[in-house]
């Protein structure tokens, strides 16, 4: 296919670009050209997406079989891009989020769970859920019957820049005894970014349209699986000390929030790691083993170093009190 990636420099966008090249697709990217050097073999279009006329000039007379859009801010930007591309792209894949569902999420929710309100013309990016829902509406407005809305859960794997697995790998790398948020058998649900990219591109090729909850199968792994496999992959000599949630709360340690296991008030959210993904699985979504996800993430970190923290997702290093962790570790050792 001829594929246009709106973005393409970070996490999901970068994985989509690399996966498309591996497939043999002809790839173009459109971004500001500030974050990374252009990917070899990619047609690089330079524009600030918030300026429609700049996007129009950058697109020129180009036509594409598929567009993949990872925008996570003001919906109006998605609307403007979708309108520009409506007559010259066959399919539009939008990387949305499970966040478009109204809170609290029902247990075992699927695509039919209630949605937040969104406005495709909004220039407000402060409310992430409303912004993503507005983006969905903007895409379907211009690509009715030709739009794929990938409502992603927790996305892991190489290039992750939201303070989850890279942070945990660096934490494990320090060695010694470190706290982990009990219980170890807490289920986790995630998707490797490369599996998301593969599914979106193959779905575009087939013309798949509609909204899909996109994450891994529920019950496939636990928090204990994640951290012990990370130790096996890296070979770090680190001891995990599992701390009950009430003790973490008492010591002001928000461990678990970075993986959606706790809310700021210490409560356990519903529906976070048990989504019904049967619709996406029926449409060809596949997931690789946890070990491959962690090994790929560690190899990337070793090769390129830590990613620049996103402004909207600061590193847990900024909110985890190391002294409080040591005090709790000392208590648990008695």
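Residue numbers (our numbering): 1103 to 1436. Note that the Cβ used here is the ideal one computed from N, Cα and C, for glycine as well.
Which of helix, strand or coil DSSP assigns to residue i
i	result
residue 1192	strand
residue 1131	strand
residue 1138	coil
residue 1225	coil
residue 1217	strand
residue 1205	coil
residue 1324	strand
residue 1378	coil
residue 1396	helix
residue 1388	coil
residue 1182	helix
residue 1269	helix
residue 1157	helix
residue 1121	helix
residue 1430	helix
residue 1366	coil
residue 1288	coil
residue 1352	helix
residue 1402	helix
Expected contact under 8 angstroms - CB spacing of residue i and residue j to nearest Å
i	j	result
residue 1252	residue 1338	Actually they are not in contact, since the Cβ atoms of residue 1252 and residue 1338 sit about 33 angstroms apart, beyond 8 angstroms.
residue 1248	residue 1258	Going by Cβ atoms, the distance from residue 1248 to residue 1258 rounds to 29 angstroms, so no, they are not a contact pair.
residue 1396	residue 1330	That pair is no contact at about 10 angstroms.
residue 1114	residue 1241	Between residue 1241 and residue 1114 the Cβ distance is about 16 angstroms, and since that is not below 8 angstroms, they are no contact.
residue 1121	residue 1299	4 angstroms
residue 1175	residue 1261	That belief does not hold up - the Cβ atoms of residue 1175 and residue 1261 are roughly 19 angstroms apart, past 8 angstroms.
residue 1430	residue 1363	In fact, because the Cβ distance is near 17 angstroms, the residues do not count as touching under 8 angstroms.
residue 1317	residue 1287	Between residue 1287 and residue 1317 the Cβ distance is about 19 angstroms, and since that is not below 8 angstroms, they are no contact.
residue 1157	residue 1186	6 angstroms
residue 1162	residue 1133	Incorrect: roughly 16 angstroms between the Cβ atoms, too far for contact.
residue 1119	residue 1144	6 angstroms
residue 1269	residue 1387	Contact doesn't hold; Cβ gap of about 27 angstroms is too wide.
residue 1347	residue 1284	7 angstroms
residue 1297	residue 1390	6 angstroms
residue 1281	residue 1355	7 angstroms
residue 1412	residue 1263	5 angstroms
residue 1421	residue 1271	Contact flag wrong, Cβ pair sits at about 18 angstroms.
Counterpart residues of residue i in DSSP-defined beta bridges
i	result
residue 1252	1197, 1314
residue 1278	1340
residue 1293	1257
residue 1171	1108, 1196
residue 1345	1283
residue 1148	1133
residue 1166	1191
Candidates the options, of which the one nearest residue i by Cα
i	options	result
residue 1054	1205, 1222, 1220	As shown, the chain starts at 1103 and ends at 1436. That puts residue 1054 outside it, with no answer to give.
residue 1432	1279, 1268, 1323, 1177	1279
residue 1345	1110, 1403, 1326, 1302	1326
residue 1177	1220, 1274, 1256	1220
residue 1328	1358, 1146, 1223	1358
residue 1149	1392, 1183, 1191, 1378	1183
residue 1277	1246, 1380, 1303, 1336	1336
residue 1385	1311, 1246, 1321	1311
residue 1173	1191, 1428, 1141, 1236	1236
residue 1193	1141, 1250, 1218, 1160	1250
residue 1426	1404, 1413, 1379, 1351	1351
residue 1139	1112, 1160, 1225	1112
residue 1376	1434, 1210, 1421	1210
residue 1141	1116, 1274, 1164, 1423	1116
residue 1195	1224, 1308, 1160	1308
residue 1334	1274, 1381, 1428, 1164	1274
residue 1381	1160, 1319, 1190	1319
residue 1374	1436, 1367, 1223, 1255	1255
residue 1189	1207, 1400, 1244, 1239	1244
is_contact[residue i, chain D] using C-beta, thresh 8 angstroms
i	result
residue 1161	Chain labels in this structure do not include chain D; a single protein chain is all it has.
Inset, instruction - Decide yes or no for the touch test of the region 1340-1349 against the region 1400-1416: beta carbon pairs closer than 8 angstroms, at least 3 of them. - result: no
Inset, instruction - Would you check if the region 1226-1240 and the region 1199-1218 touch, i.e. whether three or more CB-CB distances between them fall below 8 angstroms? - result: yes
Legend entry - At least three beta-carbon pairs within less than 8 angstroms, the region 1134-1153 to the region 1291-1305: No contact exists between the region 1134-1153 and the region 1291-1305.
Inset, instruction - Please determine if the region 1212-1222 and the region 1168-1175 are in contact, where contact requires at least 3 C-beta pairs separated by less than 8 angstroms. - result: The region 1168-1175 and the region 1212-1222 do not touch, with fewer than three beta-carbon pairs separated by less than 8 angstroms.
Inset, instruction - Decide yes or no for the touch test of the region 1124-1136 against the region 1103-1113: beta carbon pairs closer than 8 angstroms, at least 3 of them. - result: yes
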